[in-house]
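Input: a single structure, listed below in structure tokens.
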Amino acid sequence: MASVRFVFRGLILVLGALAATGAILAHGGRFSRHLDVLTHLSLIYLATGAVVLVCAIFTSMAHGKLPMAIFGGLAALASLGLIVPEFTRPISPKAASGAPGQIKVIQFNVSQRDVGLEERARWIARQDPDFLVLEESTPAMRAAVLRHLPRQMSCGMTCYTAIFTRTAPEKVDRPRRGRYGLGPAITIVHMAQRDGGYIVIGTHYTWPTKVRPHHENTARMLLLTKSLPKDRMIIAGDFNSTPWSFARRREEARIGLERRTRALPSWPTNFGIPFLPIDHIYAGGDLRTVSVERGPYLGSDHYPIIAVLAPIS
Numbered sequence: 009m010a011s012v013r014f015v016f017r018g019l020i021l022v023l024g025a026l027a028a029t030g031a032i033l034a035h036g037g038r039f040s041r042h043l044d045v046l047t048h049l050s051l052i053y054l055a056t057g058a059v060v061l062v063c064a065i066f067t068s069m070a071h072g073k074l075p076m077a078i079f080g081g082l083a084a085l086a087s088l089g090l091i092v093p094e095f096t097r098p099i100s101p102k103a104a105s106g107a108p109g110q111i112k113v114i115q116f117n118v119s120q121r122d123v124g125l126e127e128r129a130r131w132i133a134r135q136d137p138d139f140l141v142l143e144e145s146t147p148a149m150r151a152a153v154l155r156h157l158p159r160q161m162s163c164g165m166t167c168y169t170a171i172f173t174r175t176a177p178e179k180v181d182r183p184r185r186g187r188y189g190l191g192p193a194i195t196i197v198h199m200a201q202r203d204g205g206y207i208v209i210g211t212h213y214t215w216p217t218k219v220r221p222h223h224e225n226t227a228r229m230l231l232l233t234k235s236l237p238k239d240r241m242i243i244a245g246d247f248n249s250t251p252w253s254f255a256r257r258r259e260e261a262r263i264g265l266e267r268r269t270r271a272l273p274s275w276p277t278n279f280g281i282p283f284l285p286i287d288h289i290y291a292g293g294d295l296r297t298v299s300v301e302r303g304p305y306l307g308s309d310h311y312p313i314i315a316v317l318a319p320i321s
């Protein structure tokens, strides 16, 4: 029994040391793209630090109480330093639930899975979105949506990112993926003024562990949106990037749009406990948020995101 307790204490110390090291190094993401990858695991550092601190309470000084407390405290404090800014950032006032001219945007990475196509399509049809952005959609998925929901479909990159709209867009941009072919999968629709004059961008970034491509995703997005009017712009997609990433914060500071999702976990769907907020919806200054929520499990490893927005004028 004593040997089991010894192994358990050793394991807790190792986990605490790893969590503290990861959380502290993640702050180096301010100046290093590679260290910024560590920021996405901030919630894991925080949870591990909390467990280690609890274990320290029930451990005697002779059996490692002090190092447990130090490692657990460092992990918790350093990870909170990464996470807290997401909850303290300023947000624009919300629109009333009955605000006129509301539009509904659904963003959903279907993960190239044709699981429960009819169930997915029926759910989408019941939601009756004005704009539906699908990433990693298959031909079967897109066909199912169109069977249940009369919409215009615009695609880029052979439909890797598809946008469905109530009326035909005035213009559709299907930009190439830019330098080295490392830009994001992206589709841009420009709606006519009679349809609100919205510019809706659907996108899908690569994993942040692919440091150079992920950086190029950001650079390409900033280049493509630089000259476009922002007031009624909406960007929705799977950014594969959490709000506590320094790269995400830098992009948000430059793009001129407000992210309307706030620490809303959308991945993974395993066991019904998503812990990474990587699917986001951004909108320009002429749009106020009515509501933002996560949709149900629909067979993908991502949950859909539903945002209702209302124009100011």
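The number in this note's numbering is simply the position in the sequence shown, starting from 1, with 8 added. Glycine residues also receive a C-beta, built at the ideal position from the N, C-alpha and C atoms.
- prompt: With distances taken from CA atoms, which of S68, I52, E259 is nearest R38?
  reply: E259
query: What's the gap between the Cα of H223 and the Cα of I99?
result: 26 Å
field: Among G36, T169, I314, the one whose alpha carbon lies nearest that of S274
entry: I314
- prompt: For the beta strand (DSSP E) that contains M241, what are its first and last residues?
  reply: 241–246
- request: Would you tell me roughly how many angstroms separate the C-alpha atoms of A107 and A170, rounded to the nearest one?
  value: 28 Å
message: Quick check: the Cα distance between A83 and C63, rounded to an integer number of angstroms?
response: 14 Å
- prompt: Is L21 closer than 8 Å to G72 when the C-beta atoms are compared?
  reply: yes
message: So, at 6 Å on beta carbons, what are the nonlocal neighbours of P137 in its own chain, with the 5 sequence-adjacent residues on each side left out?
response: K112, I114
query: Under a Cβ-count criterion, where at least 16 other Cβ atoms within 10 Å of its own Cβ denotes burial, should V45 be classed as buried or exposed?
result: buried
query: Based on Cα-Cα distance, which residue from A176, S145, R220 lies nearest to T211?
result: S145
Boundaries (first-last residue) of the beta strand (DSSP E) holding E143: 139–143
query: Along the chain, which unbroken stretches of the beta strand (DSSP E) at least 3 residues long are found entirely within the region 124–207?
result: 139–143, 160–164, 169–173, 179–181, 193–198
query: What whole-angstrom Cβ distance do G292 and L265 have, given they're in contact under 8 Å?
result: Contact check for G292 and L265: beta-carbon distance about 6 Å, within the 8 Å limit, so the pair qualifies.
Buried/exposed call for M69, threshold 16 Cβ in 10 Å: So M69 ends up on the exposed side.
- request: Could you check what DSSP says for G81 in three-state terms: helix, strand or coil?
  value: helix
message: Short of 6 Å in beta carbon distance, which residues of its chain neighbour F254, apart from the five on each side in sequence? Order them along the chain.
response: G37, R38, D44
task: Would you list the residues sitting across from G210 in a DSSP beta bridge?
output: T195, A244
- request: Provide the residue span of the beta strand (DSSP E) that contains R296, from first to last.
  value: 295–302
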